[in-house]
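Residue numbers are given in my numbering: position 2 of the sequence shown equals residue 234, and the series is strictly consecutive.
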Amino acid sequence: MRTKRHWFSLVAGIFFLACSIFMFANPSAPLTALGIFFSIIVFIGGVLETIRYFFTPASTRSVWSLISAIITVLVGVLLLSASAAAQAAFIPVIVGVWMMIVGLSRLSAGRRATYLSSGAGKHMVFSGVVPLILGILICLFPVVFGSVVVWLIALALLLVGVVCIGDFFVSRKANRPGPYDDGIIDVEAR
């Protein structure tokens with residue numbers, strides 16, 4: 233049983249390394265896959281924000297929250313209807329503009345919430361400034377944003393692959409059984 237575990241670690245490590253090398257060599261392919269996933273998430277998020285708006289008491293509703301939710305749904309539909317290549321090319325710009333809109337709507341809601349609660353208002357303003365600044369940066373440097381996302385994922389896969397391969401060699405040299413081997417109970421592993 234221990235021998236099989238060693239080989240699983242090696243195979244997983246090689247798989248992670250191959251994926252990371254592929255991502256470093258072809259950064260647009262993972263960005264395309266990420267685009268499809270992101271499009272679905274944005275659409276669902278927009279629908280849920282729209283539903284939440286109508287379940288919020290009328291006295292605390294902000295028209296900016298509804299506008300932000302509708303724009304989020306429209307961005308989701310736009311992304312879902314675009315080709316995979318268009319998603320990869322336009323995701324950084326769409327994300328940047330969308331984050332600026334969300335930031336502005338949070339700033340507007342924060343000003344309104346300050347009258348109800350100082351703490352809530354400050355939180356809303358802070359949670360509006362951060363996406364606004366990030367959205368501006370993404371719109372100014374869309375290629376950097378797209379590349380950085382792919383490179384960070386590829387780097388994480390590379391590190392996991394190296395660790396798995398290292399586990400293979402370390403565990404082969406170890407003479408003691410692992411905590412999950414048949415018939416062996418390791419108290420510290422619980």
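The beta carbon of each residue, even a glycine, is placed where N, CA and C say it ideally should be. These figures come from a predicted structure and were not determined experimentally.
- In the three-state DSSP reduction, P262 falls in the helix class (H, G or I).
- Exposed is the label assigned to L348, since fewer than 16 other Cβ atoms lie within 10 Å of its Cβ.
- Restricting attention to S337, I272 and V392, the CA atom closest to the CA of V361 is found in S337.
- S294 carries a coil assignment under DSSP once its states are collapsed to helix, strand and coil.
- The continuous alpha helix (DSSP H) containing A352 extends over residues S350 to L372.
- Between the segment 370-383 and the segment 340-355 there are fewer than three inter-stretch CB-CB distances shorter than 8 angstroms, so the stretches are not counted as touching.
- The three-state reading of DSSP puts Y285 in helix, counting H, G and I together.
- In terms of Cα proximity to V325, the closest of S260, C371 and C251 is C371.
- DSSP places T304 in the helix class (H, G or I) of the three-state scheme.
- Your pair V305 and T288 does not check out as a contact, with CB atoms roughly 17 angstroms apart and the cut at 8 angstroms.
- In the structure shown, S271 falls within a helical segment according to DSSP collapsed to helix, strand and coil.
- Rounded to the nearest angstrom, the gap between the Cα atoms of A261 and M255 is 7 angstroms.
- In the same chain as D399, and ignoring 5 residues on each side of it, the C-beta atoms closer than 6 angstroms to its own belong to S241, in chain order.
- Apart from the 5 residues on each side of it in sequence, L280 has no Cβ closer than 8 angstroms to any other Cβ in its chain.
- DSSP, read as helix, strand or coil, puts S337 in helix.
- G335 sits away from P374, with the two beta carbons spaced by 8 angstroms or more.
- Excluding five sequence positions before and after Y285, the CB atoms of its chain that fall closer than 6 angstroms to its own CB belong to S297, L298 and A301, given in chain order.
- For the pair L369 and L249, the CB atoms are not nearer than the 8 angstroms cut-off.
- Annotated three-state conformation of S315 is coil, per DSSP.
- When the five nearest sequence neighbours on each side are left out, the beta carbons in the same chain lying within less than 7 angstroms of the beta carbon of F275 are those of V305, G308, V309 and L312, in order along the chain.
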